[in-house]
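For what it's worth, the working numbering labels the leading residue of the sequence shown as 2, then goes sequentially.
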Amino acid sequence: MNSALELAPHDAELGAVIAARLGEIEAFFRRAITAAQAEGSVPLDRDPADLARLLLGVTLGVRVLARSPSALRTIAAAGRRGIAP
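Structure representation (structure tokens):
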């Protein structure tokens, strides 16, 4: 992931592929959040697109943090808090 993101600004084709894949992940989260709203698990006043972007950012951040053995506490704390009010 890091290599792809570092190279993307210098390679338009690779940048487009990365943007498409990230868009697919974001769309997955958006669909899941919308379904959760329909069943009452996520409040309706939460914007699915905003939450999807948040989850995408958190997912990418956890991938970066996971590379550091000392980051386990940070990852665990983030997981405990989640996105609940």
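Ideal Cβ positions, reconstructed from N, Cα and C, are used throughout, including at glycine.
Inter-residue Cα distance where the pair is residue i and residue j
i: G62; j: L45; result: 26 Å
i: F30; j: A53; result: 5 Å
i: P10; j: L66; result: 22 Å
i: A20; j: L56; result: 16 Å
i: R47; j: T60; result: 19 Å
i: I34; j: I26; result: 12 Å
i: L6; j: R68; result: 16 Å
i: V18; j: I76; result: 28 Å
i: R74; j: R32; result: 30 Å
i: A71; j: A13; result: In the sequence on display, residue 71 carries Ser and not Ala. Taking the straight line joining both Cα atoms gives about 35 Å.
i: G41; j: A28; result: 20 Å
Simplified DSSP state of residue i, which is helix, strand or coil
i: D51; result: helix
i: G24; result: helix
i: L45; result: coil
i: R32; result: helix
i: A39; result: helix
i: A67; result: coil
Nearest-angstrom Cβ-Cβ length linking residue i and residue j, presumed shorter than 8 Å
i: A50; j: V43; result: Not a contact, Cβ separation roughly 13 Å.
i: L15; j: L8; result: 6 Å
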